[in-house]
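See below for the structure under consideration.
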Amino acid sequence: MATTSSFSKGCFVFKAKPESSGKSPRKKTKKSSNLLHRSNGDLNASSLFGKCDKSSMEIRQDSYKKIWMSTKKKSEDIISDSHKQLLHDVSQFVSENADIGQSSIPTALVALGVNLPDHAAFFSLLDSTLNAHVSPFVAMLNSKECPSLKNMVLKAIQKLTSCDLADDDAEKDEEADEIVPVKPSSKIKTFANLATWYSNVVIKTPLIIILQDLESFSTQQLQDFVLLCREYRVRNKLPIQFIMGIATTVTLQQQLHHRTSVCLATKSFQSRPSIVLLNHLIEQLFMNSSVLKLGPRLMQLLLDGFLYHDLSLSSFLMRVHLIIMQHYITLPVSSLCCSMSELIDRIKKLSAADLDLYRQVPSFMKFIENNRSKVSLLTDDKEFRSFLQKSLEDLNSYSKDFSLSCRILHCLSDGMPDALFGKSLREVYINFLIGAESEDWDRFIQLLNISTSYELQSRIQAALTTLKESDVSSALSDFSTSLVLFSEELKRLEQAPDTDTATSPKSPNVFVPKGKKLDKFELKAQLLASAKQARPTSKFDEIKSEFVSWLNSHLARQLKSPTTILFHEVFYAGSQVQSSWDIVPWIRRQVQPVPRVAISKALSDPASYLGCNCCSSNGQGSQILSTMPDLCIVYKLHTECGRLINLYDWMLSFNAIQQKDKDDENEEIEPIIQARFIRAVAQLQLLGFIQSSKRKTDHVARLTWGV
Amino acid sequence: MDITVNTEDYFLAQSSSVHTSDRTLNRLNNPRLSQEAVDSLMENFDDCHSKEKILLMKEYQQQFLQWIFLLREGFNILVYGLGSKRYLLDEFRTRFLDGKNVIVVNGYFPGLTIKEIFNSITDGILEHSGTFFSTVEQLEFIEQEFNSTKIEAYLIIHNMDGPSLQFSREQEVLCRLAAAPGLHVVASTDHINTPLLWDQRKLSQSKFVYFDCTTFAPYSEEISYENSLLVQQSTTLGLASLVHVFASLTFNAKAIFILIAQRQLENNNETNYHGFPFHELYSECRDRMLVNSDLTLRAQLTEFKDHKLLRIRRTPDGTEVLHIPLEKNQLEEFVQKHQE
Numbered sequence: 001m002a003t004t005s006s007f008s009k010g011c012f013v014f015k016a017k018p019e020s021s022g023k024s025p026r027k028k029t030k031k032s033s034n035l036l037h038r039s040n041g042d043l044n045a046s047s048l049f050g051k052c053d054k055s056s057m058e059i060r061q062d063s064y065k066k067i068w069m070s071t072k073k074k075s076e077d078i079i080s081d082s083h084k085q086l087l088h089d090v091s092q093f094v095s096e097n098a099d100i101g102q103s104s105i106p107t108a109l110v111a112l113g114v115n116l117p118d119h120a121a122f123f124s125l126l127d128s129t130l131n132a133h134v135s136p137f138v139a140m141l142n143s144k145e146c147p148s149l150k151n152m153v154l155k156a157i158q159k160l161t162s163c164d165l166a167d168d169d170a171e172k173d174e175e176a177d178e179i180v181p182v183k184p185s186s187k188i189k190t191f192a193n194l195a196t197w198y199s200n201v202v203i204k205t206p207l208i209i210i211l212q213d214l215e216s217f218s219t220q221q222l223q224d225f226v227l228l229c230r231e232y233r234v235r236n237k238l239p240i241q242f243i244m245g246i247a248t249t250v251t252l253q254q255q256l257h258h259r260t261s262v263c264l265a266t267k268s269f270q271s272r273p274s275i276v277l278l279n280h281l282i283e284q285l286f287m288n289s290s291v292l293k294l295g296p297r298l299m300q301l302l303l304d305g306f307l308y309h310d311l312s313l314s315s316f317l318m319r320v321h322l323i324i325m326q327h328y329i330t331l332p333v334s335s336l337c338c339s340m341s342e343l344i345d346r347i348k349k350l351s352a353a354d355l356d357l358y359r360q361v362p363s364f365m366k367f368i369e370n371n372r373s374k375v376s377l378l379t380d381d382k383e384f385r386s387f388l389q390k391s392l393e394d395l396n397s398y399s400k401d402f403s404l405s406c407r408i409l410h411c412l413s414d415g416m417p418d419a420l421f422g423k424s425l426r427e428v429y430i431n432f433l434i435g436a437e438s439e440d441w442d443r444f445i446q447l448l449n450i451s452t453s454y455e456l457q458s459r460i461q462a463a464l465t466t467l468k469e470s471d472v473s474s475a476l477s478d479f480s481t482s483l484v485l486f487s488e489e490l491k492r493l494e495q496a497p498d499t500d501t502a503t504s505p506k507s508p509n510v511f512v513p514k515g516k517k518l519d520k521f522e523l524k525a526q527l528l529a530s531a532k533q534a535r536p537t538s539k540f541d542e543i544k545s546e547f548v549s550w551l552n553s554h555l556a557r558q559l560k561s562p563t564t565i566l567f568h569e570v571f572y573a574g575s576q577v578q579s580s581w582d583i584v585p586w587i588r589r590q591v592q593p594v595p596r597v598a599i600s601k602a603l604s605d606p607a608s609y610l611g612c613n614c615c616s617s618n619g620q621g622s623q624i625l626s627t628m629p630d631l632c633i634v635y636k637l638h639t640e641c642g643r644l645i646n647l648y649d650w651m652l653s654f655n656a657i658q659q660k661d662k663d664d665e666n667e668e669i670e671p672i673i674q675a676r677f678i679r680a681v682a683q684l685q686l687l688g689f690i691q692s693s694k695r696k697t698d699h700v701a702r703l704t705w706g707v
Numbered sequence: 001m002d003i004t005v006n007t008e009d010y011f012l013a014q015s016s017s018v019h020t021s022d023r024t025l026n027r028l029n030n031p032r033l034s035q036e037a038v039d040s041l042m043e044n045f046d047d048c049h050s051k052e053k054i055l056l057m058k059e060y061q062q063q064f065l066q067w068i069f070l071l072r073e074g075f076n077i078l079v080y081g082l083g084s085k086r087y088l089l090d091e092f093r094t095r096f097l098d099g100k101n102v103i104v105v106n107g108y109f110p111g112l113t114i115k116e117i118f119n120s121i122t123d124g125i126l127e128h129s130g131t132f133f134s135t136v137e138q139l140e141f142i143e144q145e146f147n148s149t150k151i152e153a154y155l156i157i158h159n160m161d162g163p164s165l166q167f168s169r170e171q172e173v174l175c176r177l178a179a180a181p182g183l184h185v186v187a188s189t190d191h192i193n194t195p196l197l198w199d200q201r202k203l204s205q206s207k208f209v210y211f212d213c214t215t216f217a218p219y220s221e222e223i224s225y226e227n228s229l230l231v232q233q234s235t236t237l238g239l240a241s242l243v244h245v246f247a248s249l250t251f252n253a254k255a256i257f258i259l260i261a262q263r264q265l266e267n268n269n270e271t272n273y274h275g276f277p278f279h280e281l282y283s284e285c286r287d288r289m290l291v292n293s294d295l296t297l298r299a300q301l302t303e304f305k306d307h308k309l310l311r312i313r314r315t316p317d318g319t320e321v322l323h324i325p326l327e328k329n330q331l332e333e334f335v336q337k338h339q340e
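Residue numbers (my numbering), protein chains in the order written: chain A, 1 to 707; chain B, 1 to 340.
Laid out in structure tokens, this is it:
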């Protein structure tokens, strides 16, 4: 291919080669590039998934596509579902204010939170909702495409009128097959034009202008625009309405002058916080019967990225996409990461080499170490196949039970002080996925022990409702029967207070017998004596202790993290596996990319990348060796300087390091040393560590500090 | 590696006074090496780590398959790390993108404009013959084309943080291009502060997948342009251009310039010397019969100014003063040579 460096231009185009002649050049290119793309792409993908034989590779690639598509679909549904109420409210507001009666402009202020990347999804939903239910005249504007008032007005008018054209086209399309491509009516360029155009429109629906990012518009521009719109609303009876998206909590009064804000009849709307959506998303994507789940390490990583970095669902989903992809690409044993219905078939198809891969899974190796009697699994393929199938099925049903148990525990511990396992279901799930601490469990049991009968009853009822909502598998079916039993017993207790509860009001009188006065010491002695006596256990206490012991034996068993189960590596992405299969470091780099650190590391410790023996500093980070690349030496020397660096002295030190081995200590600098130094300094400038300075002759300024 | 930035360090570094020696590069035998000299010297220099570098490069090339896969899945690639990644990206282009629509953008090229990138896409790839009123319109056209048709193109950007792309507006545009479904971006960055260019929206729009490709390769191409020249060469150029312009001046003009230069050298050690006051220069020039009116003097000065040989400033008391923006030693050298 031709060279791509030139002193006269910065862009070089390589056009796809046309495949055959005869058609118009435009179509030809498209087709050929597509063809090339497809054939090359599949070849590439196959070698990417490689290492195994072809069938395993294909299976994994298919699974990846299937899983990702279903995850994507599900998440889109969840997101649009969660916006449903807000969309409905906003469009209702718009249609309610459709009449031109009031002079101020009806304005819906939609507070969407700081997760800017997610706003686009909401606005496209809003656009389609408004188009379908309220009015076809919707102009969506963002600050980036409206640098000035002129652009803003033009864009708004163009978008308002082009909606109409699209509609017309559709109608024409129905009437006649031939579509005459109509150029967007470029005549309509001012509000006056718009007014005339609107007077010809048949269905008088409101003109809706959406400002996506209110805070990013300049105040003056926004004020002018609002005043302009109001003028035409009053004078020409244009039913203009605003919908404004707000990211922060800045009120309109702060953004606009009073003169302008009185022109707006505002109503505020609030979207649900993105964390609520995230909880919902995690519950739906990974707790319900999904095939691929996230291991504790990845879950933590994604949450950190979300909570401490961007609060954005779209970034979260992008990371999930990468994880799914990496799981299937990197993990050779991912070929069995599929739904249970396909499992038997797939196990049959596994080759002997594939089975060996499954034998290398850490959890299986540990299992064999602990169960020497099962050594035959290592050699007998047939036995191993059936064992594999059984283990994976067990794991799958265990995962389901685990999620459900988390739900039950969430119901039982909801509202307890300290929020032991977390406030939301998502937190409970992740806590147990990581492996909750036994102290928390003990405290939970303690708190249950001191709860009242009413509390206990409501908790059990909540758990029962959850159980009813989800389809209960065999292992947990006795859960619901036990819970029902407990609940019924408690109910009976409430309805018919038995002897125990009847005696309890009497108990204070025990200490003060009638007609007799006790002195202080006698009373104390009596109290001590009664404290030593075992309190008579009430019926309620019996039920409670029974319940607690049931929890300790049954529920606790189900809450052991699934990552302790055999072959969990197949279904839980990012589990602990051998380093060549581990995707966590790679994903971490995507969630928290650190370009700066990579550069600093390479500069201060080149051996960590080059892997050479000559440059390894043996733990002494500041050591400068003459074998290191020039750039590293120059960088290390510069970190010893302050704000300004004397180029001459810098060069001398560089020379000194290069000449260290030689005996003659002349100050003379060889031209080659000088050239190398110049090169290195220029590169350091490109990287942004230094810049030229006019403060002193032959000095440069250092741009970093510390490190 | 852990880089914890201690904010206190910043104030420490800024508050301390600068203690550096007053030695200058003039103490060297040959203080100013020309670009050609550096290049020819470096050609003969062989690097002791070439074997390791080749190994590194081979390692990164094994990721190419993954890159292609990611690009097809709608992601874009961003490579970072020390060392020029030009060769790596070129290798990727020749090995995997041969015969496809590819646009290579050299971000380090000083004269690069967004318009040029747009034109390469619309003219070169989309074969659109019409013209556009504005870049915004052109961008929308590109987005629409790549959204609606199945055409695909690969955009390779060397140094996405180059001198002409390192602005918010340019990055905004590049990220929008990256978001277009048919347009796949493979970009490299080098500057340590590049991540500051991207806000949440740009980051999520561009869908970058990051790869650490520390190659240790020299940035020879990237620093070869005028804009990335270091101090050494930039002052050399200043003197060189002075000599050239000076040679084409009239006798009178030369004399005026020398007058200003001499005065500047005489007053070099005075800290409050701002420049040669205009009215003094005028009377002195008239005494020597170099000019006949202050208009002709101004015309001469404008010529110097246009060639950036002279700076005209106003002092706080309102007098106009003239100053030559050159180092003392260079000016001395120059005056000695031309003072006949």
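Note that beta-carbon positions come from the ideal geometry of N, C-alpha and C, so glycine has one too. In this text the structure is predicted, and so the values were computed from the model without any measurement.
Got a sec? Which residues, its chain only, sit under 8 Å from residue i by beta carbon, not counting five neighbours each side?
i	result
LEU159(A)	The sequence as given places Lys at residue 159(A); Leu does not occur at that position. Excluding positions up to five away in sequence, the list reads VAL138, ALA139, MET140 and LEU141.
LEU603(A)	LEU631, CYS632, TYR635 and LYS636
TRP68(A)	HIS321, ILE324 and MET325
LEU56(B)	THR214, THR215 and PHE216
Using a Cβ cut-off of 8 Å, pull out every chain B residue sitting near residue i, in sequence order please.
i	result
GLY706(A)	VAL5, ASN6, ASP9, TYR10 and ALA13
HIS714(A)	Lying before the first or after the last residue shown, residue 714(A) is absent from chain A, which here runs from 1 to 707.
GLN590(A)	VAL209 and TYR210
Please compile the residues from chain B whose C-beta is within a distance smaller than 7 Å of the C-beta of residue i.
i	result
GLU145(A)	VAL136
GLY10(A)	VAL105, ASN106, PHE109, GLY111, LEU112 and GLU116
Quick one: residues in its chain with C-beta nearer than 7 Å to the C-beta of residue i, no 5 flanking neighbours on either side, listed in chain order?
i	result
PHE7(A)	none
LEU230(B)	Reliability of the predicted coordinates at LEU230(B) is poor, the pLDDT of 45 falling under 50, and no value is obtained from them.
PRO181(A)	Because PRO181(A) carries a pLDDT of 41, less than 50, the predicted location of this residue cannot be relied on, and the following value inherits that uncertainty. Contacts found: none.
SER504(A)	For SER504(A), the pLDDT reaches just 46, beneath the cut-off of 50, and the residue's location in the model is therefore unreliable, although a value from the coordinates is still provided. Excluding positions up to five away in sequence, the list is empty.
GLY688(A)	LEU703
When the distance is taken between beta carbons, is residue j closer than 8 Å to residue i?
i	j	result
THR113(B)	ASN159(B)	no
GLN138(B)	THR122(B)	yes
TYR210(B)	GLN590(A)	yes
SER91(A)	LEU130(A)	yes
PRO239(A)	PRO206(A)	yes
Apart from the five residues just before and just after residue i, which ones in its own chain have a Cβ nearer than 6 Å to its Cβ?
i	result
PHE191(A)	TYR232
SER487(A)	ILE460
LEU239(B)	GLN330
Between the options, which lies nearest to residue i when the distance is taken from Cα to Cα?
i	options	result
ASN76(B)	VAL321(B), THR250(B), HIS184(B) and THR296(B)	HIS184(B)
ASP90(B)	VAL105(B), GLY81(B) and LEU82(B)	VAL105(B)
HIS410(A)	ARG426(A), ASP418(A), LYS400(A) and TYR398(A)	ARG426(A)
PHE677(A)	SER693(A), LEU228(A) and GLN658(A)	GLN658(A)
Residue i touches chain A at which residues, Cβ-Cβ below 9 Å?
i	result
PRO316(B)	Those do not exist, as PRO316(B) stays about 21 Å from chain A at its closest Cβ, beyond 9 Å.
What does residue i reach in chain A if we use C-beta pairs closer than 7 Å?
i	result
GLU172(B)	LYS144
At a CB distance below 9 Å, what residues from the segment 637-651 of chain A approach chain B? Give them in sequence order. CYS641, GLY642, ARG643, LEU644, ILE645, ASN646, LEU647, TYR648, ASP649 and MET651
Counting only Cβ-Cβ distances shorter than 8 Å, please list the residues of the segment 182-193 of chain B near chain A, keeping chain order. THR189, ASP190, HIS191, ILE192 and ASN193
May I ask you to list, following chain order, the residues of the segment 281-305 of chain A that have a beta carbon less than 9 Å from some beta carbon of chain B? Correct list: empty, as no residue qualifies.
In chain order, what residues of the segment 348-376 of chain A put their CB closer than 9 Å to some CB of chain B? Taking a C-beta cut-off of 9 Å against chain B, none of the residues of the segment 348-376 of chain A qualify.
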